[in-house]
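A short worksheet on the structure shown next.
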Amino acid sequence: MNPLFKKAKQNRAFEDIVSQIQEAILEGRLKTGERLSGERQLRETFEVSRGTLREALRTLEQKKLVQIRTGMRGGAIVRPVNTLPVSESLDLLLRYQKIDLKELSEFREEVEGAVAERAARRAKKEDIRELTSLLESIKHLLQEDRESWREVIRKDNQFHFCLARIAGNRVFESVLSIVYENIFRYFDRFLPKEKGITERIYEDLCGIVEAIKKKDSQKTKILIQDHVKRFDRVMEANRKKVFS
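Pasting the structure below:
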């Protein structure tokens, strides 16, 4: 039996095969140019039908993770990850932790600073209303007795999405959407679940909205970068505690 893989979960065999092979590629256990085992061996390993296996391989080909070749030297060949479309490549790299917290923090500081600066210049009244509404939602969550940590973080993510949309550049919007779809894993693992943290998020976002209202693009940029750096420093400190 191929030690790379295990029997597929029978209630969702197709998705599990895709996930196992994708993970092996992203983690480097399957190298660029390497040929997957033959169809018969893969079917025996995953314990699935030919149709299920072929559907999974077609999906991996659509994701540009493998290339299906026919003939004597045919089969599923692993493609280099850097040939993937930018958004999908970034999604996979984040999902399988090939980008570390420090790299992600540096990226966010630079890109979100530029996004916030553009958003401050372009924001219309309805945009400011939307941002203010998010602030009100966070304030309401903080006033509730129940644990609201995750909800506040999700609202903070929405705030960042909103700034990217207001900035008026679909590349910013697309890339940051991928980042924030994946970044909650870091927040959940390394950001302390304390009320002081969520209260500071609210204070930061209030300051950012006030700067946007005044069309002060430079101050908005500085505030968003400070916001990103502050919480990344907290997460990095906690990451070191976890692994010390």
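Note that the working numbering has the sequence shown beginning at 9, numbered continuously upward.
Idealized CB from N, CA, C, for every residue including glycine.
{"Check": "Pairwise C-alpha distance: LYS15 and SER27", "Outcome": "12 Å"}
{"Check": "Cα-Cα separation, GLY204 to ASP212", "Outcome": "12 Å"}
{"Check": "For VAL74, the three-state DSSP class (helix, strand or coil)", "Outcome": "strand"}
{"Check": "Backbone CA spacing between ARG178 and GLN30 [nearest angstrom]", "Outcome": "27 Å"}
{"Check": "ILE209 beta carbon less than 9 Å from that of ASP164", "Outcome": "yes"}
{"Check": "Helix, strand or coil at ALA84 [DSSP, three-state]", "Outcome": "strand"}
{"Check": "Among GLN75, GLU152, ARG129, ARG158, nearest to ALA172 - alpha-carbon criterion", "Outcome": "ARG129"}
{"Check": "Same chain, Cβ closer than 6 Å to ARG137, neighbours up to 5 away in sequence not counted", "Outcome": "none"}
{"Check": "Proximal residues to MET9 (C-beta, below 8 Å), its chain only, five neighbours per side dropped", "Outcome": "Any reading at MET9 needs caution, since the residue's pLDDT is 40, under 50, leaving its predicted position unreliable; the model's value is listed next. Once the five neighbours on either side are set aside, the close Cβ partners of MET9 are GLU52, THR53."}
{"Check": "Contact the region 117-124 vs the region 138-152: 3+ CB pairs below 8 Å", "Outcome": "no"}
{"Check": "Close beta carbons around LYS237, own chain, < 8 Å, minus the five adjacent residues each side", "Outcome": "SER113, GLU117"}
{"Check": "Counted within 10 angstroms of its Cβ, other Cβ atoms place THR228 as buried (16 or more) or exposed", "Outcome": "buried"}
{"Check": "As assigned by DSSP and simplified to three states, the class of ARG66", "Outcome": "helix"}
{"Check": "Same chain, Cβ closer than 8 Å to GLU42, neighbours up to 5 away in sequence not counted", "Outcome": "ILE85, VAL86"}
{"Check": "Whether GLU69 touches ARG58 by CB criterion (9 Å)", "Outcome": "no"}
{"Check": "9 Å Cβ cutoff met for ILE220 and ALA131", "Outcome": "yes"}
{"Check": "Distance, TYR188 Cα to PRO88 Cα", "Outcome": "25 Å"}
{"Check": "Buried versus exposed call for LEU196 [16 or more other C-beta atoms within 10 Å across all chains shown]", "Outcome": "Correcting the residue identity first, residue 196 is Asp in this sequence and not Leu. The residue is exposed, with fewer than 16 neighbouring Cβ atoms inside 10 Å."}
{"Check": "MET80 burial status per 10 Å Cβ neighbour count (16 or more: buried)", "Outcome": "exposed"}
{"Check": "Proximity to GLY215 [Cα-Cα], best of LEU34, SER182, ILE232", "Outcome": "ILE232"}
{"Check": "Whether GLU207 touches LEU150 by CB criterion (9 Å)", "Outcome": "yes"}
{"Check": "Residues bridged to VAL43 [DSSP beta-bridge criterion]", "Outcome": "Here residue 43 turns out to be Arg, not Val, going by the sequence shown. Per DSSP, ILE85."}
{"Check": "Continuous alpha helix (DSSP H) stretch holding GLY311: start and end", "Outcome": "What the structure shows of the chain is the stretch from 9 to 252, and residue 311 is not part of that stretch, so it cannot be assessed."}
{"Check": "Cβ neighbour criterion (16 or more within 10 Å) applied to HIS148", "Outcome": "exposed"}
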